[in-house]
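Asks:
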Amino acid sequence: MARSKVYYMDAHSESTETSLVAKMLTVFDAAELDKMIKPNDMVAIKIHCGEWNNTAYLRPVYARALADRVKELGGRPFVCDTTTSTYSPWGSRSSELDILLTAERNGYTSATLGCPFICADGFIGTSDFRVDLPEGYLLKEAYVAQAIAAADVLIALTHFKGHAMGVIGGALKNLGIGAQSKRGKLNVHMGGHPNYGLGAAANFHPEAFKGKAETPDWEILEDCCPFKLYHINENDELEWEREKCTTCLGCFGVMGPRGILDIPPINFDAVDVAIADACLGVEKAVGRDKVGYINMAIDVSPRCDCANHADVPIVPHLGVFASTDAVAIDMACVDKAKESVGILGSAAELMEAHHAGDRKFEAAAATFHGQSEVASINTGHEIGLGSRDYSLVDVEPADGAKYRFPYDRRASRQRFADRFDKFTPFPYDRHDGKGFARNDEVDLEAMKRHYEHSTNGYHAEVEEEILAPADDD
Ligand code: SF4
14 MARSKVYYMD AHSESTETSL VAKMLTVFDA AELDKMIKPN DMVAIKIHCG EWNNTAYLRP
74 VYARALADRV KELGGRPFVC DTTTSTYSPW GSRSSELDIL LTAERNGYTS ATLGCPFICA
134 DGFIGTSDFR VDLPEGYLLK EAYVAQAIAA ADVLIALTHF KGHAMGVIGG ALKNLGIGAQ
194 SKRGKLNVHM GGHPNYGLGA AANFHPEAFK GKAETPDWEI LEDCCPFKLY HINENDELEW
254 EREKCTTCLG CFGVMGPRGI LDIPPINFDA VDVAIADACL GVEKAVGRDK VGYINMAIDV
314 SPRCDCANHA DVPIVPHLGV FASTDAVAID MACVDKAKES VGILGSAAEL MEAHHAGDRK
374 FEAAAATFHG QSEVASINTG HEIGLGSRDY SLVDVEPADG AKYRFPYDRR ASRQRFADRF
434 DKFTPFPYDR HDGKGFARND EVDLEAMKRH YEHSTNGYHA EVEEEILAPA DDD
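Okay, structure coming up:
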């Protein structure tokens, strides 16, 4: 397969044209994603709106700026996400009602986005479009969220970070999980699979349940499963109808820590492979030449935005990437993270994987030792979704004027002179024209000294000279 191009700008910012919003739009154009969009096209912008109390998800301003650009091109944008499967007994995005409320709290509303925010797989998550996948490595069909499958163009606007199951949460996962309906997610998670599904592969330890009397929170053991597969029988024993398990992951966080269920690593490995198959399903549903990818590798938390928290990023901001190839763009991000030093105090340091050259995600994001941060990438390469062999194209900043405040492009005098004549914010008529009551002179250097806390509870001045003059030579 030919080398794919990945267009790239680093994360440094010092001006309008190097702001991350401007860089996102600059790589969008450089990768010619703008050329995909024709007048009146319905353009889906697939984002992750973040779980309740997550704080690492992409700020809505990126989706807003992209939606504005789509409108400039004549397209009709909508921003979307999908319901979860349910993942946790207390999930905040398991139905359309829930996800709209969570998205709104996280800033994703039609008011902030300038276009509708849509739950793409319907009220419960069964609104989808089935795609045959004879090319799939593991999956032979995919269920793509209806609103995404119905779009003329799809832009995957991805927050690149780690993921406990996928190891990386990049473009492949944004579509391979995030653009699947709830039904599609159960397919990717191996629900009902004879070898890789939770029901088939997990070790069940009902003996770890001590009986209702000795297990004060026993009710959650039954209540964590939305398919009603756990029961406490008349003999006060815990039973599991494992043959009906959908691998919705609702019980992972309840049964695992109590020693009742061993989560099988093989399930995670299989899901990582299936993610690439399902991503191909999305491209087939929308059109192979109608899907573009932007990866914002910033706030690179070890856990996904689907976690109800966000840990210290494991590497500094890596930059902004765009491509028409989901495999290449994720490979480029993984390579950048590997090249980078890790952040001290993050999970990367905790796992002693904070050096340049260390595989940060396998150490700091994966749930199990032995999971691979390139399994989805390799699968995508294998099935012809894209190529892990890529060229990284450095993109120069565009003209800053393009990214200025668009509602009034005149300079300050034209915008404000008449108004300041009428409503002057500076009181020229007070204090001999100086405007405000202030001391004429104070010791500014005194306020620049550094102080230390001492164990005796008072502050001792640090002895070294501050702002020491530089040596002449
Ligand atoms: S038993 Fe299966 S279906 Fe029930 S919560 Fe666990 S993973 Fe989901």
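Numbering of the sequence shown is given in the numbering used here, commencing with residue 14 and proceeding in unit increments. Every residue, glycine too, gets a C-beta built ideally from N, C-alpha and C.
(1) Taking C-alpha atoms, which residue in Ile-327, Met-178, Gly-446 and Ala-323 lies nearest to Val-201?
(2) Could you check if Ile-479 is buried or exposed, using at least 16 other CB atoms within 10 Å of its CB as the buried criterion?
(3) Should His-322 go down as buried or exposed, given a rule of 16 or more other Cβ atoms within 10 Å for buried?
(4) Going along the chain, which residues put their C-beta within less than 6 Å of some heavy atom in the ligand SF4?
(5) In its own chain, which residues sit with a C-beta less than 6 Å from the C-beta of Lys-257, not counting the 5 before and 5 after it?
(6) Starting from the Cα of Cys-261, find the closest Cα among Phe-217, Gly-204 and Ala-291 and give me that residue.
(7) Is the beta carbon of Gly-191 closer than 9 Å to that of Thr-259?
(8) I need the boundaries of the beta strand (DSSP E) containing Gly-332, first residue and last residue.
(9) May I ask you to list the residues that DSSP assigns as paired with His-244?
(10) So Ile-8 packs on Asp-343, CB below 8 Å; how close in whole Å?
(11) Report the start-end ranges of each alpha helix (DSSP H) in the stretch 376-404 that is 4 residues or longer and not cut off at the edges.
(12) For Leu-199 and Val-295, which I take to be in contact (beta-carbon distance under 8 Å), what is that distance rounded to the nearest angstrom?
(13) Using the DSSP secondary-structure output, state which residues sit across from Asn-308 in a beta bridge.
(14) Using DSSP with H/G/I as helix, E/B as strand and the rest coil, what is Cys-346?
(15) Measuring alpha carbon to alpha carbon, tell me which of Leu-293, Ser-359, Val-19 and Asp-111 ends up nearest Glu-395.
(16) Indicate the three-state DSSP secondary structure (helix, strand or coil) for Pro-73 in the structure shown.
(17) Could you please give the first and the last residue of the uninterrupted alpha helix (DSSP H) stretch that includes Glu-465?
(18) If I'm right that Gly-263 touches Ser-101 with Cβ under 8 Å, what's the distance once you round it to whole angstroms?
(19) Would you tell me roughly how many angstroms separate the C-alpha atoms of Ala-44 and Tyr-21, rounded to the nearest one?
(20) To the nearest angstrom, report how far apart Leu-185 and Tyr-75 are at their CA atoms.
(21) To the nearest angstrom, how far is the alpha carbon of Arg-271 from that of Gly-197?
(22) Taking C-beta to C-beta, are Thr-171 and Tyr-306 nearer than 9 Å?
(23) Where do the ends of the beta strand (DSSP E) carrying Gly-197 lie?
(24) By DSSP's criteria, Asn-216 is part of a beta bridge. Which residues make up the other side?
(25) Less than 9 Å between the beta carbons of Cys-132 and Ala-160, yes or no?
(26) In the structure shown, what three-state DSSP assignment does Asp-54 receive?
(27) Do you know how far the Cα of Phe-142 is from the Cα of Gly-212?
(28) Under 9 Å between the Cβ atoms of Leu-38 and Leu-71?
(29) Which class does His-176 belong to by DSSP, given the choice of helix, strand or coil?
(30) For a test of the three-state rule: what should DSSP assign to Glu-365, helix, strand or coil?
(31) Measure the beta-carbon distance from Gly-399 to Asp-338 and round it to whole angstroms, keeping in mind my assumption that it falls under 8 Å.
(32) Measuring CA to CA, which of Phe-334, Ala-379 and Arg-426 is closest to Val-40?
(33) Which residues share a DSSP beta bridge with Ala-158?
(34) Please go through the same chain and pick out, in chain order, the residues whose beta-carbon is closer than 7 Å to the beta-carbon of Asp-81, but skip the five residues on each side of it.
(35) Going by beta carbon distance, what residues of the same chain come within less than 7 Å of Asp-134, once the five residues before and after it are set aside?
Replies: To lay it out plainly:
(1) Met-178
(2) Unreliable positioning characterises Ile-479 in this predicted model, as indicated by a pLDDT of 47, which lies under 50. The coordinate reading is nonetheless provided below. Label assigned to Ile-479: exposed.
(3) exposed
(4) Listed by chain position, these are Leu-211, Cys-237, Cys-238, Phe-240, Leu-242, Cys-258, Thr-259, Thr-260, Cys-261, Leu-262, Gly-263 and Cys-264.
(5) Leu-242
(6) Nearest of Phe-217, Gly-204 and Ala-291 to Cys-261, Cα basis: Gly-204.
(7) no
(8) Start and end: 332-336.
(9) Glu-252
(10) Missing from the structure shown is residue 8; the chain here goes from 14 to 486 and no further.
(11) 388-395
(12) With 8 Å as the limit, Leu-199 and Val-295 do not qualify as a contact, their Cβ atoms being about 16 Å apart.
(13) Thr-171 and Phe-334
(14) helix
(15) Leu-293
(16) Annotated three-state conformation of Pro-73 is helix, per DSSP.
(17) Counting along the chain, Glu-465 falls outside any alpha helix (DSSP H), though it belongs to the beta strand (DSSP E) covering 464-466.
(18) 7 Å
(19) Cα to Cα, Ala-44 sits roughly 9 Å from Tyr-21.
(20) 19 Å
(21) 29 Å
(22) yes
(23) Run containing Gly-197: none in the beta strand (DSSP E); it sits in the alpha helix (DSSP H), 195-201.
(24) Asp-275
(25) yes
(26) Reduced to three states, the DSSP call for Asp-54 is coil.
(27) 26 Å
(28) no
(29) strand
(30) DSSP places Glu-365 in coil when its eight states are reduced to three.
(31) 4 Å
(32) Phe-334
(33) Asp-141
(34) Gly-127
(35) Thr-95, Thr-96, Ser-140, Asp-141, Ala-158, Gln-159, Ser-194 and Lys-195
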